[in-house]
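Here's the structure, in structure tokens; my notes come after.
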Amino acid sequence: MSERLGQLLVRNNLITSEELQKAMAEQKSSGGRLGQELTKLGFLSETEITEFISSQYNVPSINLKDYEIDTSVLKYVNSNIAKKNMLIPISRSGSNLVIAMADPSNMQVVEDVRFVTGFNVDVVVASEADIIDAIKMNYGTRGLEGQGSVSLDAKDYDFEDGDDSGTFGDMDDDDSVVEVEDFDALVHGAVDTVEVIDTSDDDDSSENVEAPIIKLVNGILIKAIKLGVSDIHFEPYEKSYRIRYRLDGVLRKAMGLPLKIKNAITSRVKIMARLDIAEKRLPQDGRIKLKLGKTREMDFRVSVLPVLYGEKVVMRLLDKSNLQLDMTKLGFEVEALERFKDSIHQPYGMVLVTGPTGSGKTTTLYSALSELNKEADNIMTAEDPVEFNLGGINQVQMHDEIGLNFAAALRSFLRQDPDIVMVGEIRDFETAEIAIKAALTGHLVLSTLHTNDAPSTVNRLLNMGIEPFLVTSSLNAIVAQRLARRICENCKEKVDVPAQALIDIGVSPEEAGEIEVYKGKGCSTCANTGYKGRVALYEVMKMNDELKELVLNGASTIELKREAMRHGMRTLRQAGILKIKEQVTSIEEVLRASAAD
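Per the numbering used here: the sequence shown ends with 597, consecutive numbering throughout.
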């Protein structure tokens, strides 16, 4: 604000250019604020500066020294944010929170306060000196030196692990912790207010319940973002209401909430996702777009499903900033990556990626599309749902309820002069038939199937009714994949494992005695799980002449697998063993993610 304020003061003839330069020089040497230096040098008074800012931005001004702050509203804005952004909440009326600021032009901070508190925010301007005094009196003096304006982000909150209530804290950069409302307080506040709701005409009752519920839901979402979870589950049962997070592919209980607030939480999520809050008998799907700070955005894919004791809500977190589109960092081994790249760079044909839900198929397909995304090519995708927006690619969201399914989209794509087509999933004969015809008529087709491994994908297509000669003519390659959790680098330690345990998972007896096995001990970095992040295991089966001959002769999945391995295909289990050798994952994860060869 300093430079902008100085220029405005000069422009309005309240100070001269020479006075501004002198004040800015003092500011640079002292590290203070321009308003303080102008006052210290006697060029302007605090009152004159405040009144000027008030008139310039058309915001009311107050004298905080003569104003009695309602201390009950201090809990809505934590001290860290107040100190860093030179603001303080002073009163509340219904759903409106009034804050005093030294810089009312900083609308990003105003928006962030509105997001965190759930209130409409009204701004008044007060002098910097008065705000500092008010913060010292109400919050304490720590952290007031050299503060600058920041946006609210997940880093402004601290959540204790190992506590089902999920402590909602306030972290300073200097490791000082200032206690503010925690989840327990929010939960109990929400319960208290839910209990007083009735059918009377009390206008303030809805606002009373709204604020705690909004803060509680926001806290749950921010905690999930901070931990890096992929899904949030809100689950109502007969005698409990459970929140679970899926972290690195494994569901863990995050907290337990009172049953009394389950409907209020579900309604809040529905409002955020723009769903029908009155509809409680049918499933609904929606999306929430959340802005964190100035640059980061997070999408939540929301699914609401009526269950026995209410409505279960599952939210999938889609963080584009974490989307990995660099193939070399996905987990491919060198030879497997070369095979995959060679297959997707063919002028036509089909490449299939297989695996269960949540195995990273979409990420692999997106990385392939990113590799292929050139100005000279028309790339079209049919997805359900569209998880991430990719620049330069024409993405179509499926809507089965109006007849826009994968087969219908594919038919339309072929009239849109495509070069590369991606189909979210081949679910039936009709979609498979159109995709194969597209691959045979000069288009590169990428898609997914739900099969256990690469060789079994061929028989899955045959069982759908596709003729063997069409399969062999169209298929370039099949990629099977799984996700295994990475060992936490912070608590990684070597463990003694009997050689027989390695032999049992497929390691040769000669190698078993030479491999060093590691495991995560468990620490605060990995939430005491021993794992942090995930790595993909890949099985790439490129269709060569020998494999095509076997398919035409009706060979079994086992025969196809043996032939593919003879030509250098590394199975999912072998890929997992290689990750054990590289000290990336553990024996337990390889057993969980892959079947024996």
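All residues carry an ideal CB built from backbone N, CA and C; glycine is no exception.
In chain order, Ser-230, Gly-358, Leu-483, Arg-485, Arg-534 place their CB closer than 8 Å to the CB of Gly-249, counting only its own chain and leaving out the 5 sequence neighbours on each side. The way I'd put it, the region 451-464 does touch the region 547-557; three or more beta-carbon pairs between them come closer than 8 Å. Boundaries of the beta strand (DSSP E) around Arg-301: 296-307. Each residue's CA atom was taken as its position, placing Arg-268 and Gln-395 some 30 Å apart.
Looking at the DSSP output, Leu-20 sits in no beta bridge, so it has no partner there. For Val-551, the enclosing alpha helix (DSSP H) covers residues 545-552. Counting only the Cα atoms, Lys-361 lies some 55 Å from Leu-8. Here the alpha carbons of Gly-35 and Ile-15 stand approximately 12 Å from one another. Burial is judged here by how many other beta carbons sit within 10 angstroms of a residue's own beta carbon; Gly-331 has at least 16 and is buried. The residue from Gly-94, Pro-236, Ile-577, Ile-265 with its alpha-carbon nearest to that of Val-590 is Ile-577.
Taking all protein chains in view, the Cβ of Glu-539 is crowded by 16 or more other Cβ atoms within 10 Å, so the residue is classified as buried. Three or more beta-carbon pairs separated by less than 8 Å link the region 308-318 to the region 223-239, which places the two stretches in contact. Here DSSP, grouped into helix, strand and coil, assigns Phe-469 to helix. Judged by DSSP secondary structure, Phe-115 falls within the alpha helix (DSSP H) whose first and last residues are 107-117. At the C-beta level, Thr-451 and Val-353 stay beyond 8 Å of one another. Less than 8 Å separates the beta-carbon of Lys-542 from that of Arg-339. Here His-443 is buried, its C-beta having at least 16 other C-beta atoms within 10 Å.
At a Cβ-Cβ threshold of 8 Å, Ile-487 and Leu-502 do not count as neighbours.
Secondary structure of Ile-288 (DSSP, three-state): strand. Lys-223 and Lys-260 have their C-alpha atoms roughly 22 Å apart.
Annotation for Phe-388: Lys-320, Leu-323 place their beta carbon closer than 6 Å to its own, counting only its chain and skipping 5 residues before and after. DSSP, read as helix, strand or coil, puts Val-497 in coil. Taking 8 Å as the upper bound for CB-CB distance, Gln-481 and Thr-364 are in contact here, some 6 Å apart. Using a 10 angstroms sphere on the CB of Gly-513, the tally of other CB atoms stays under 16, which defines it as exposed.
DSSP places Val-423 in the uninterrupted beta strand (DSSP E) bounded by 420-423.
The region 222-279 contains, as complete alpha helix (DSSP H) runs of 4+ residues, the segments 262-272 (chain order). The distance from the Cβ of Lys-262 to that of Tyr-241 is about 5 Å, consistent with a contact at the 8 Å cut-off. Per DSSP, reduced to three states, the secondary structure at Val-396 is strand. In this structure, Ala-134 sits near Ile-88, with a CB-CB distance shorter than 8 Å. Counting the other Cβ atoms within 10 Å of the Cβ of Thr-441 gives fewer than 16, which makes it exposed. If you draw a 10 Å sphere on the C-beta of Arg-92, you find 16 or more other C-beta atoms in it, and that means buried.
Under DSSP, the beta-bridge partners assigned to Lys-519 are Glu-493. In its chain, beyond the 5 residues on either side, Leu-410, Leu-414, Val-421, Val-445 have a beta carbon closer than 7 Å to the beta carbon of Ala-438. Shown here, Glu-514 sits in coil according to DSSP, grouped into three states, outside any helix or strand. Here the alpha carbon of Ala-477 sits roughly 33 Å from the alpha carbon of Leu-251. Annotated as proximal: Ala-273 and Ile-288, with beta-carbon spacing under 8 Å.
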